[in-house]
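J.:
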Amino acid sequence: KHVADKIAAGEVVDRPLSIVKELVENAIDAGSTSIVVEIKNGGKSYIRVTDNGSGIEKGDVELAFKRHATSKIRNASDLDSIQSLGFRGEALASIAAVSRTELITKTADEKSGIRIRLEGGDIAEKVDTGCPEGTTVIIEDLFFNTPARLKFMKPDATESTLIIDFISKMALAYAQIKFRLINNGNILFSTTGKGDIYSNILTIYSKDLGDKLIHFKEKSQELTLEAFVSAPSQSKTNRKSQIFFVNGRSIASKVMENAVTDAYSEKLFEGRYPIAFLFLQVSPDKLDVNIHPNKKEVRFDDERAVRDFIGSAIRTNLNSKDA
Ligand code: ADP
Ligand code: MG
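Position 44, counted from 1, in the sequence shown is what the working numbering calls 46; the numbers after and before it change by one each time, with no gaps.
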């Protein structure tokens, strides 16, 4: 009966990171202003995402676990104007099919909430409960019923690094949302949710940053850049501290990487890399976000213009603020 869900799960859920990603996106879609993510053993044994969003109405809780059940699209024309991060209605069904799942939720209008527990997709318990407004989803024993999948997971440290990296970037991209990340019982960071990107960068990446960063905004006709970059003296031996966002989404970009290299070319030796957090806004029709299945990369229509704009913006601000 759950064969289809298990197969679908192979596409949506391939490792703990994909579960965290789906649950956090659901929390954001629900209008949350506070999201707590807790993992144990790289997410293999335990993942919890707690939000203070809309919650799910009691009558809709079982539906939320049905495949292709989404509250985010009602008709085909919605597809063109989709604002939410999810809309396929597959995540919860897929996740529940390959784990022990518990969901506790309450809407603002209801007096009590509901707790539902599923084992490999089968409902094991459903009870009324007192709980705050919002939703908590707990995933335990991922892939307990699909042993072949279990084998594909990497060591705990590898899986947790991917999750920590993802939540760190989400906390920067959504600076208006409070994020708290807990790993094996330790709070790794809590952001303020006050929209202050720089304070979030310092909170999340403090141990890698050292001194202060140079902060500036630049605008051209087509492009807007907000940047936090290091003085040349604060360089690194790898590019791990170069983090790029395009239109609010974390991406990898050779074009942006090259722009940073251009800007520091006379100031740094081979093998040294500056710290650079770049937030670029591009008109959506000047870029293709669908070149990579995970949407991890983008293609700019005019790569040269992007590279030149970012390169010269950084260069100008380095010269004026780091003389
Ligand atoms: P999708 O996000 O594509 O709609 P999901 O399987 O991720 O599909 O979720 C199914 C439905 O469950 C959502 O459409 C939404 O109505 C509800 N839901 C899931 N997570 C939350 C949450 N954290 N808060 C409120 N509603 C949620
Ligand atoms: Mg979703």
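Ideal Cβ positions, reconstructed from N, Cα and C, are used throughout, including at glycine.
Computed from a prediction, not measured in an experiment: that's the story for all the values here.
1) Tell me, please, which residues DSSP counts as bridged to Leu105.
2) Give the C-beta separation of Gly61 and Ala32 to the nearest angstrom, bearing in mind that I take them to be a contact with Cβ-Cβ under 8 Å.
3) Below 8 Å between beta carbons: does that hold for Ala177 and Ile199?
4) How many Å lie between Thr137 and Pro18 at the Cα?
5) How many angstroms separate the CA atom of Ala325 from the CA atom of Pro234?
6) Can we say the stretch 165-180 touches the stretch 111-119, given the rule of at least three CB pairs closer than 8 Å?
7) Do you know how far the Cα of Tyr266 is from the Cα of Arg317?
8) Measuring CB atoms only, is the stretch 97-116 touching the stretch 124-137, in the sense that at least three cross pairs come out at less than 8 Å?
9) Quick check on DSSP: helix, strand or coil for Val291?
10) Could you work out which residue in Met258, Gln244, Leu225, Gln223 is closest to Val231 when comparing CA atoms only?
11) What is the DSSP secondary structure of Gln244, reduced to helix, strand or coil?
12) Just to confirm, is the Cβ distance from Gln223 to Asn249 under 8 Å?
13) Quick check on the DSSP output: what are the complete beta strand (DSSP E) runs of length 3 or more inside the stretch 236-284, in order along the chain?
14) So, helix, strand or coil for Glu40, using DSSP?
15) Alpha helix (DSSP H) containing Ala67: first to last residue?
16) Helix, strand or coil for Ser34? Go by DSSP, reduced to three states.
17) Considering only heavy atoms of the ligand COA, does any lie closer than 7 Å to the CB of Ala93?
18) With burial defined as no fewer than 16 other Cβ atoms inside 10 Å of the residue's Cβ, what is the status of Asp333: buried or exposed?
19) Is DSSP giving Asn28 helix, strand or coil here?
20) Which word fits Asn185, buried or exposed, when buried means at least 16 other C-beta atoms lie within 10 angstroms of its C-beta?
21) Give every residue of the same chain whose Cβ lies closer than 6 Å to the Cβ of Pro157, excluding the five residues on either side of it in the sequence, and list them in chain order.
22) Compare the Cα-Cα distances from Phe247 to each of Met258, Arg241, Ser237, Thr239 and report the closest residue.
23) Return helix, strand or coil for Ile340, following the three-state DSSP convention.
24) Assign Pro276 to buried or exposed, taking buried as 16 or more other Cβ atoms, counted over all protein chains shown, within 10 Å of its Cβ.
25) Going straight from the alpha carbon of Ile179 to that of Asp310, what length do you get?
26) Of the residues Ser237, Lys221, Lys269, Gln236, which one's Cα is nearest the Cα of Val1?
27) Taking the alpha carbon of Ser101 as the point to measure from, which residue in Arg69, Thr109, Pro149, Leu190 has its own alpha carbon closest?
28) By Cβ distance below 6 Å, which residues in the same chain neighbour Ser36 in space, the five residues on each side in sequence not counted?
29) In chain order, what residues of the same chain have a beta carbon less than 6 Å from the beta carbon of Glu24, not counting five sequence neighbours either side?
T.: So, to answer that:
1) Ile118, Val139.
2) About 17 Å separates the two Cβ atoms, so there is no contact after all.
3) With respect to Ile199, Ala177 sits close: the two C-beta atoms are nearer than 8 Å.
4) Distance between the alpha carbons of Thr137 and Pro18 is about 19 Å.
5) Confidence at Ala325 is low in this model, with a pLDDT of 44, below 50, so its placement is unreliable and the value that follows should be read with caution. For Ala325 and Pro234, the distance between alpha carbons rounds to 11 Å.
6) The stretch 165-180 makes no contact with the stretch 111-119; the number of CB pairs closer than 8 Å stays below 3.
7) Spanning the two alpha carbons is a distance of roughly 7 Å.
8) Result yes; three or more Cβ-Cβ pairs closer than 8 Å.
9) The answer is coil: DSSP assigns Val291 none of H, G, I, E or B.
10) Nearest to Val231 by C-alpha distance, out of Met258, Gln244, Leu225, Gln223, is Gln244.
11) Three-state DSSP puts Gln244 in a strand.
12) No, these two residues do not count as a Cβ contact at 8 Å.
13) Correct list: 244-248, 251-253, 278-284.
14) In the structure shown, Glu40 falls within a strand segment according to DSSP collapsed to helix, strand and coil.
15) Sequence check: residue 67 is Phe here, not Ala. According to the DSSP assignment, Phe67 belongs to no alpha helix (DSSP H), since it is labelled neither H nor E.
16) Looking at Ser34 - three-state DSSP - the assignment turns out to be coil, as it is neither helix nor strand.
17) With respect to the ligand COA, the structure offers nothing, as its ligand set consists of the ligand ADP and the ligand MG.
18) With the chain running from 3 to 325 in the structure shown, residue 333 is simply not present.
19) In the displayed model, Asn28 falls within a helix according to three-state DSSP.
20) Around the beta carbon of Asn185, a 10 Å sphere encloses 16 or more other beta carbons of the protein chains shown; the residue is thus reported as buried.
21) Excluding sequence neighbours, Pro157 sits near nothing in its chain.
22) It is Met258.
23) Not covered by the structure: residue 340. The range shown for the chain is 3 to 325.
24) Pro276 should be labelled buried.
25) Taken atom to atom, the span from the alpha-carbon of Ile179 to that of Asp310 is near 33 Å.
26) This structure cannot speak to residue 1, because the chain is shown only from 3 to 325.
27) The option with the nearest alpha carbon to Ser101 is Pro149.
28) Closer than 6 Å at Cβ, skipping near neighbours: Asn54, Lys180.
29) For Glu24, where only same-chain residues beyond five positions count, the Cβ hits under 6 Å are Ala93.
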